[in-house]
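The structure appears below as structure tokens.
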Amino acid sequence: MNIFRLFGDLSHLAAIAILLLKIWKTRSCAGVSGKTQLLFAVCFITRYIDLFLHFVSLYNTEKVMKLIYISASVFTCYLIFFKFKATYDGNHDSMRAEFLIVPAAGLACLINTKFDAIEILWTFSIYLEAVAILPQLFLISKTGEAETITSHYLFAQGSYRALYILNWIYRYHYESHVDTIAIVAGVVQTILYCDFFYLYITKVVKGQKIVLPA
Amino acid sequence: KETNAAKDEL
């Protein structure tokens with residue numbers, strides 16, 4: 001464990017918590033893409049499938065973190081699609097999730113390190129996570145704005161994988177550890193946030209709201 | 215060295 005991965009995981013936890021708080025406090029999921037949250041839930045379940053296969057006692061924080069990620073993302077989907085369904089902006093959350101899931105699944109079968117079920121599920125989860133934020137960014141471009149709290153969520157969510165890139169550089173240098181698939185997908189994932197990061201740093205930090213040129 | 219086998223990251 002290194003400082004970059006630690007802060008990456010903390011940033012990821014913060015993002016999940018910020019989104020849950022936003023939906024719970026405002027009792028509304030306006031401006032939140034339900035599809036992105038569904039894709040994240042799929043990512044966690046396919047990536048941590050080992051938790052369900054051979055359930056080992058929660059002896060370390062990693063297992064607890066995995067369970068937190070899975071339960072929090074499923075609970076977030078429950079809030080969006082059931083509890084606060086009336087506030088779900090289905091019209092603007094219109095990016096076809098199939099266009100992300102099918103290519104990720106296909107690519108996972110073509111480019112992986114081992115052709116076995118668990119490895120392919122893990123690879124699918126890595127590829128899907130790289131593009132899972134697209135419906136959320138698409139929704140913001142359609143509505144032309146993002147609530148400040150949603151911007152903070154996106155900033156934390158984008159920072160998590162950016163910090164993981166630093167973690168991979170660190171591990172390459174000190175542990176000669178290389179996970180090409182995760183690195184390439186992580187770089188793509190972080191690049192997708194670039195224009196948002198620019199807007200966040202130039203606007204939200206100064207207290208302004210993000211309004212995209214309609 | 216590819217060390218994918220040990221999935222030690224979240």
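For the record, the sequence lines run as chains A and Z. Each residue of the first sequence is one higher than the last, beginning at 1 in the numbering used here. Each residue of the second sequence is one higher than the last, beginning at 215 in the numbering used here. Yeah, the Cβ is synthetic: ideal placement off N, Cα and C, and Gly gets one too. Everything numeric in this text was worked out from a predicted model, so none of it was measured.
query, result
"Members of the segment 50–74 of chain A that neighbour chain Z once the beta carbon cut-off is set at 9 Å", "Asp50, Glu62, Met65, Lys66, Tyr69"
"Segment contact flag, the segment 61–70 of chain A with the segment 18–33 of chain A, C-beta cutoff 8 Å, min 3 pairs", "no"
"Against chain Z: residues of the segment 18–33 of chain A by CB proximity under 8 Å", "none"
"A:Asn2 to A:Leu192 span [Cα, whole Å]", "25 Å"
"Cutoff 7 Å; reference A:Ala105; Cβ partners in own chain excluding five residues on either side", "Phe124"
"Nearest neighbour of A:Cys43, chosen from A:Thr87, A:Ala30, A:Ile183, A:Ile101 [CA to CA]", "A:Ile101"
"Integer-rounded CB distance, given that A:Glu147 should sit under 8 Å from A:Gln189", "About 23 Å separates the two Cβ atoms, so there is no contact after all."
"Reduced DSSP category for A:Val205 - H, G, I as helix; E, B as strand; rest coil", "helix"
"Proximity winner among A:Trp24, A:Gln136, A:Ile201, relative to A:Ala72 (alpha-carbon distances)", "A:Trp24"
"Residue from A:Thr180, A:Ile133, A:Ile111 with nearest C-alpha to A:Gln37", "A:Ile133"
"Own chain partners of A:His152 with C-beta closer than 6 Å, once the 5 adjacent residues on each side are dropped", "Ile18"
"In chain order, each alpha helix (DSSP H) run of at least 4 residues that lies wholly inside the segment 12–75 of chain A", "34–47, 50–53"
"Separation of A:Thr150 from A:Ala156, as counted between CA atoms", "10 Å"
"Any 3 or more C-beta pairs closer than 8 Å across the segment 113–123 of chain A and the segment 89–103 of chain A", "no"
"For A:Ile126 and A:Ala182, the rounded distance between their alpha carbons", "6 Å"
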